[in-house]
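This report refers to the structure that appears directly beneath it.
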Amino acid sequence: MKTIVRLLYMLVFLSVGTTVLAQEINVTGKVTSSTDNSALPGASVLIKGTTTGVPTDAEGNYAIRVPSAQSVLVFSMIGMNPQEVTVGTQTVVNVAMQEDVRSLEEFVVVGYGTQRKLDVTGSVVQIKGEEISKQPSMNAVSGLQGKVAGVQINNSGKPGEAPQIRIRGVGTAYGSANPLYVVDGVWFDDISFLNSGDIESMNILKDASSQSIYGVRAANGVVLITTKKGKSGKAVVDYNGFVGFQKVTNQIKMANANEYATMVNELSNINGKGNVLDPTQYGEGTDWYHQILRNALITNHQLSISGGGEKSTYNFSLGYLNQDGVVEKNNFKRYTARLQSDFQVFKSLKIGYTATGSFSKSKDEAGGIFRQLYAAGPVVPVYYADGTYGDPTDYNLGDGNNFNPQVTIDYFNQNTKKTLLTGNVYAELSVLKGLTFKTSLGGRYSQDETRFYNPQYVATFKQRNTTSLLEFTRPQSRYWIFENTLTYTKDFGNHSFTALVGQSAQRDQSYKLTASALNVPYASEGDLYLTLGNTDGRNVVDEGDLGTYASYFGRVNYSFGDRYLLNASLRADGSSKFFQGGNAWGYFPSVGAGWVISNESFMKGQNIFDNLKVRGSWGKIGNASVPSNLSTLTVATGGGLAAIFGGQLNTGASINTIIPPTTYWERGVGTDIGIEAAVLKSRLTLELDYYIKKTERAIFDIPVLTSIGTESGRIVGNQANFENKGFEFALNWRDEIGKDLSYSIGFNGGVNNNKVLSVSSGANPIYDGGVGLTSGALATRTKVGDPIGSFYGYVVEGIFQNQDEISKSAQPNAKPGDFKYRDVSGTAGTPDGTISGLDRQVIGNPNPKFTYGINTSWTYKNIDLSLDFQGVAKIDIYNANLGWRYGNENFTKDFYDNRWHGEGTSNTYPSANIGGGQNYLPNTFFVQSGSYFRVRNAQLGFTFPQAVNEKLKIRKLRLYANAQNPLNFFKYKGLSPEVRANENKPTQAGIDANVYPLSATYNFGINVTF
Amino acid sequence: MLLSNFRTDMKIIHFKNKLRQTGLYLGLASLILVPSACDQGFLDTDPQGKQAGVVFWQNEGDATKAVNAMYANLRSWNNTAFAAIALESVGSDDAEKGSTPSDATFFNDYDNFSVGSSDGQLGGFWQGQYQNINYANQVIDNIPPISMDETLKARYIAEAKFVRAYSYFRLVRAFGDVPLRLALPKDATEYNVPRTPKAEVYAAIEKDLTDAAAVLPLSYGATDIGRVTKGAAMSMHAKVSMYQQKWQQVFDLTNQVIASGQYSLFPNYEALFRVANENNVESIFELQNELIPSNKDASNSQYSQVQGVRGVVGGGWGFNVPTETLAKSFEAGDPRRDGTIIFRGETTPSGDAIAATGDNPMYNQKSYVPFNLYTTGFNEGSQQNVRVLRYAEVLLMNAEAANELGNTTQALASLEMVRARARGTSKTILPKITTTDKAALRIIIWEERHHELAMEFDRYFDVIRQGRAAEIFGPKGWKAGKNEVWPIPQNEIDLSAGVLVQNPGY
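Chains A and B, in that order, give the protein sequences.
Quick note on numbering: the working numbering labels position 342 of the first sequence as 342, and the sequence is numbered without any gaps.
Offset between the second sequence (1-based) and the working numbering: plus 1010.
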């Protein structure tokens, strides 16, 4: 691109000196971008039909003499649609140029560089910053939901919490399943700290060949983020702000007090005891969700100033976010500041830096509050008439729900502060023509603090505390990354060649200190010092982690005549995580090839395809997102291992784990075949991809025989090979109707099939999931040929209606109202008239099969409208909330309405004893469809006309209203179909226990450019 | 052509800039290559905040810590709380679930023998015992090579053997045949072990107890109270022998314990179980628990909490409550009834008034800790020791063995010692037993065990041992040929890929 710009310059300069004309008119003006009204330096202003022209200066201004009023000025610039203006009587011609969205010269960011989209042989999707910031979202990633084929995002409505993201299905089974985020060269697991408005572009590397250059951490996909840089020219000041609120939607309805009392009695009777409550005493009772949840306010302000001189540019931004949680008292505030500058020191040396500071403060949500709201008894009032708290103990409900959620909210006092500083400095030296050396040093320092204070109080019988506790938890992390690359680019004739070699070193260290003291007074926050507490009973513990990586990599890109493309790369990664295993080094190669058919000479005559490209790629990737020193047996210590002799404590320590003999690198191997096409004057573009992604030697944390006697009963090691195979498409239509209406409609989707290829234990599958939620029963099975983490349990055939049916059945101990399970097998492999473990089978798949999105945008004159839809289909959820019972937890209204409560009342829903007997066992009743379809985002904007701008002396003013998730359609009977995998483990995925409710957000915003 | 072009280009460039370039390239190369020289050191990071296993088992201190860890695990949740109540108590006629009707209803499945193999308490019990066994095997396998005081080394190994035997005894009673692990698994091929026949498990238990008794001291100094003694090993061995009807062995072992002169009966039956009287003269083996204000993790016993009186601060969850049957079974005026059962409306000898209304008419008094000892933030009664073996039981085993062997005189004498303590100064209650009819005396001794050891997690397996389970528990659903043992945890069968086979009937 630079070469072309330079050529244009030369052309322009040459012409200026040689042209002599009569009856000249002096025309001046300014060239700006219509997108953001920023000045466009270096645009070409040419008199049509001549070679006469000038470039615009750093402020986008130009001055030119034209021969006559009939002269036509041609404004052009790479990446912009050319524009022609007849001079006429004007002496000032200002032009706002539109971006050429169909440009084939689109560039995408790839690992350690950029590539023309044309040259890419893998599957890379670029999302522009404006696309992300257009939709108000607290986390940049959540805005991607439904926008990228094959990328599944599970949002949480919790302020400050990052969404869960899966690129092309489950890539890894253990440790972090987050993709690698590379923000301006610095690696992150999570980008919650980042202000969406600072993002210039996000590039999602979906296939193994593009990810491969990030070998060590690429197993879950890679998201490359570049942040905004300043442009030479006058300072541009941008302000974006919105206010809005978040509201729980599709709320689950629980049984009311009368219904609840009825069920409590039913449950007690089934257990051979009498009635506990008198239902006639109760009506609606307390709606705990209504009591505790609220419409939560969100305020966001973002200010940025960018600009620059000839040799330097800058971009400075400030951000402020204040988000309330839907739970009372919960609040999250984030302040961000960022400064970025580039300096052209010499012709051949460029240096620059980015510095970002992010500070957040939250009043935390009481842990487990959503479980409490679900379980709390509606017969218990929030307050009694005398103003004291309603006490569940007074209703004899037992310990399963012996809490008043209002007390939990009122006495929970925890704040978290997070400070993060990150940045990088770089220098880029043009050694020779085409040879560039780049060195970059990036780092990150974070210091968080969680302050928990449990005051002295007496609220209810169970909710009380006689000794106050103050506890500080301080995690701290230091990370640096040092990278050096050498890039050589050479074009000769039809050959275009780029080679890259590089080296990278990283060190990531974390440390966490927790300290507590009892009886700390609390008259003000100033009292919250451990020193003020008792000297007795103080506790200090700490933990830490250290990981290092050393890497070498290289890549070659070659293209011939923009028709034949070849890319190959190799990365060698050493990780301390595997050092003890003696396998510190892993090697990750990739190759890719492409053929741009539309550029062939034989395609010249045709006018169907504006672009037609086929591509194929293959690559290997690695996963080091596992705990450090996995292969090192460590010594267990702690208070739980301290013995007491003679009343005194004696420190204990021993070995209570087992480790696999060696843990190897987990490897991903991916193949991708794609077609890209543009037809109908590029109005319709299509991208199709077929992929096979294998995860080899996948590291799992799985249960082992407890008779080995380990503390956790689990073992971590290379346990299985599995595969994600699928198909993705992205179809986009973009057109204009008349002068005023332009629109685009995009449809993307992905089909993914997950299958286990082998497990290390041979024929023996991996069992996991739901241990606590199903009274100890394992709820998932990962077996060769099945999807990973498939739900595993009994098939419910109906409900036992009476004792007679039970006596004739395979479940002689059942009670009327219990699930009747299907007798599938027995010790001889055939039904044996008893229900045992052998009767279980696969009953659901937590891995989504289809993910899709429809994104539309419409612009009519000054009005813009976006409507985005998104959905997931063919996915199962294990609704563990239903059977996860200890005692008298509340029931859903749906359960009340449909439950069995006497012969003939139901043959699908069991009695109130759903958590007892054999009813809690994993079975088909708990498996429900998790498919959903929603209006993801609806946004209506109005941009004020130029006349208003001039009056207000601003460049641009836009107002908008926006709704996210306003409409959701699903059959699932839990709180939200967006269920996050417990600890990111695919063997515990889709088990819903205490999810955050689904919420919709409504915002009103303003964009101003000065 | 492409390649040659490229080469020519490079050559020209190279030639022109040779000098300047060499320096530059060296500079760049050094930047890129410098870290590689120290990659080895750079990548070899130490575990953070975790001592590496390879540097453990080096000295006497390590051995001591490992033995401590083994003892600590004996008080864990899976050893003393829900799992123990489910498998060792509520199946009996003495105890039932308690708490409120709808809480933790799975206990009812143990009470009425409808429990399925997937219930979590089976796995909890299994895991708790095998964790003890792992801690013991760690000591037994790893201490021998350590250079340390040989007497102490031998004693540590003996303590571990006792813990291993005790844990296998609990397993074999509960499940019958179980995987027998007498050493740490060397590699993955030794993880999956089939069930060993019950007789072989008993043999291994007896060997461990014999080995332990040969080494362990009769008693310890003040700072070591709570460690297993020679008396504990012999008493446990006697109990294990009793479960196999090896009466001569029971008789000999109990005689030795009696003759050791280490033990006598604590005069006040009720006070015997209070925190203040822990490790008293009658105590043979107690699990040591404490409330350590500065160490919540070490104050983790929930033994007393799960059984504590409901609805009062400092009480507990109210599980494992005595039944009406138990209350009625005591001989008239037997003070052990009041020492065993907290009745609704009573005031305990420690001065706690128990509300007259409440969820359950009775609670277990043997795990009871006076409410004023409660500290918020800690488990109620976390200071209560668990009485595993008492001298009274040794005397009763002695009596039973003597009677089986025809030594009626000694049987009556040993029995009388237990009754006399319960009787105290009263002249009217618990008359001295004089019958010499072997069968009648057997029943009397069994009933004495019933009352002396009530709510101490002995009754359920004791009745099965006596062969009277169908008679006594039958009305609740107990079936001969099935309920002698509980089902093996389903998860464990799943994880064993069928190497473990379920008990019949489950």
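Every residue gets a Cβ at the ideal spot worked out from N, C-alpha and C, and that includes glycine.
Counted within 10 angstroms of its Cβ, other Cβ atoms place residue i as buried (16 or more) or exposed
{"i": "residue 1269 of chain B", "result": "exposed"}
{"i": "residue 1355 of chain B", "result": "exposed"}
{"i": "residue 737 of chain A", "result": "exposed"}
{"i": "residue 20 of chain A", "result": "Confidence at residue 20 of chain A is low in this model, with a pLDDT of 42, below 50, so the placement of that residue should be treated as unreliable; the coordinate-derived value is given next. Exposed, by the Cβ-count rule."}
{"i": "residue 1493 of chain B", "result": "buried"}
{"i": "residue 345 of chain A", "result": "exposed"}
{"i": "residue 494 of chain A", "result": "exposed"}
{"i": "residue 1434 of chain B", "result": "exposed"}
{"i": "residue 169 of chain A", "result": "buried"}
{"i": "residue 815 of chain A", "result": "buried"}
{"i": "residue 863 of chain A", "result": "exposed"}
{"i": "residue 1044 of chain B", "result": "Residue placement at residue 1044 of chain B cannot be trusted, given a pLDDT of 45 that sits under 50; what the coordinates show is reported in the next sentence. When all chains shown are included, residue 1044 of chain B counts as exposed."}
{"i": "residue 457 of chain A", "result": "exposed"}
{"i": "residue 383 of chain A", "result": "exposed"}
{"i": "residue 323 of chain A", "result": "buried"}
{"i": "residue 881 of chain A", "result": "buried"}
{"i": "residue 22 of chain A", "result": "Residue placement at residue 22 of chain A is flagged as unreliable, the pLDDT there being 48, under the threshold of 50; the coordinate-derived value follows with that caveat. Answer is exposed; the Cβ neighbour count stays below 16."}
{"i": "residue 608 of chain A", "result": "exposed"}
{"i": "residue 1511 of chain B", "result": "exposed"}
Any non-hydrogen atom of the ligand MN within 7 angstroms of residue i CB
{"i": "residue 867 of chain A", "result": "Among the components of this structure there are no ligands whatsoever, and the ligand MN is therefore not found."}
Chain A residues whose Cβ lies nearer than 8 angstroms to that of residue i
{"i": "residue 1057 of chain B", "result": "628, 629, 632 and 634"}
{"i": "residue 1386 of chain B", "result": "464, 465, 466 and 467"}
Within chain B, the residues that residue i reaches when beta carbons sit closer than 7 angstroms
{"i": "residue 261 of chain A", "result": "Those do not exist, as residue 261 of chain A stays about 13 angstroms from chain B at its closest Cβ, beyond 7 angstroms."}
{"i": "residue 704 of chain A", "result": "1201 and 1505"}
{"i": "residue 545 of chain A", "result": "1058"}
Proximal chain B residues relative to residue i, where beta-carbon distance stays under 8 angstroms
{"i": "residue 767 of chain A", "result": "1501, 1504 and 1505"}
{"i": "residue 393 of chain A", "result": "1321"}
Expected contact under 8 angstroms - CB spacing of residue i and residue j to nearest Å
{"i": "residue 204 of chain A", "j": "residue 125 of chain A", "result": "5 angstroms"}
{"i": "residue 1228 of chain B", "j": "residue 1295 of chain B", "result": "Between residue 1295 of chain B and residue 1228 of chain B the Cβ distance is about 13 angstroms, and since that is not below 8 angstroms, they are no contact."}
{"i": "residue 911 of chain A", "j": "residue 161 of chain A", "result": "So it is not a contact: roughly 37 angstroms between Cβ atoms."}
{"i": "residue 1055 of chain B", "j": "residue 628 of chain A", "result": "7 angstroms"}
{"i": "residue 688 of chain A", "j": "residue 675 of chain A", "result": "5 angstroms"}
Where residue i meets chain A, residues with beta-carbon distance less than 9 angstroms
{"i": "residue 1235 of chain B", "result": "645, 646 and 647"}
Proximal residues of chain B, C-beta to C-beta of residue i below 9 angstroms
{"i": "residue 538 of chain A", "result": "1304"}
(request) Identify every run of the alpha helix (DSSP H) within the segment 895 to 975 of chain A, keeping only runs that are complete inside it and at least 4 residues long; order them along the chain. (result) 946 to 952
(request) Let me know the beta strand (DSSP E) ranges lying completely inside the segment 726 to 774 of chain A, each 3 residues or longer, listed in chain order. (result) 741 to 759 and 766 to 768
(message) Against chain A, which members of the segment 1152 to 1184 of chain B pass a CB distance test of less than 7 angstroms?
(response) none
(request) Note down, one range per segment and in chain order, each alpha helix (DSSP H) of at least 4 residues found wholly within the segment 239 to 316 of chain A. (result) 257 to 270 and 288 to 292
(message) Output needed in chain order: residues of the segment 1127 to 1153 of chain B with a Cβ under 7 angstroms from some Cβ in chain A.
(response) 1127, 1128, 1129, 1130, 1133, 1136, 1137, 1140, 1141, 1143, 1144, 1145 and 1148
(message) Which residues of the segment 265 to 290 of chain A have a Cβ closer than 9 angstroms to any Cβ of chain B? Give them in chain order.
(response) 267, 268, 269, 270, 271, 272, 273, 274 and 276
(request) Please name the residues in the segment 883 to 909 of chain A whose beta-carbon is closer than 8 angstroms to at least one beta-carbon of chain B, in chain order. (result) 886, 887 and 888
(message) For the segment 570 to 601 of chain A, list every residue whose C-beta sits within 8 angstroms of some C-beta in chain B, in sequence order.
(response) 574, 575, 576, 579 and 584
(message) Using a Cβ-Cβ cutoff of 8 angstroms, what residues of the segment 694 to 723 of chain A are near chain B? List them in chain order.
(response) 703, 704, 705, 706, 707, 708, 709, 710, 711 and 713
(request) Report the residues of the segment 1089 to 1111 of chain B with a CB closer than 7 angstroms to any CB of chain A, ordered along the chain. (result) 1109, 1110 and 1111
(request) Could I get the ranges of all uninterrupted beta strand (DSSP E) runs contained in the segment 821 to 871 of chain A, with 3 residues as the minimum, in chain order? (result) 841 to 844 and 850 to 860
(request) Mind checking the segment 1480 to 1493 of chain B against chain A and listing, in chain order, the residues whose C-beta falls within less than 8 angstroms of any C-beta there? (result) none
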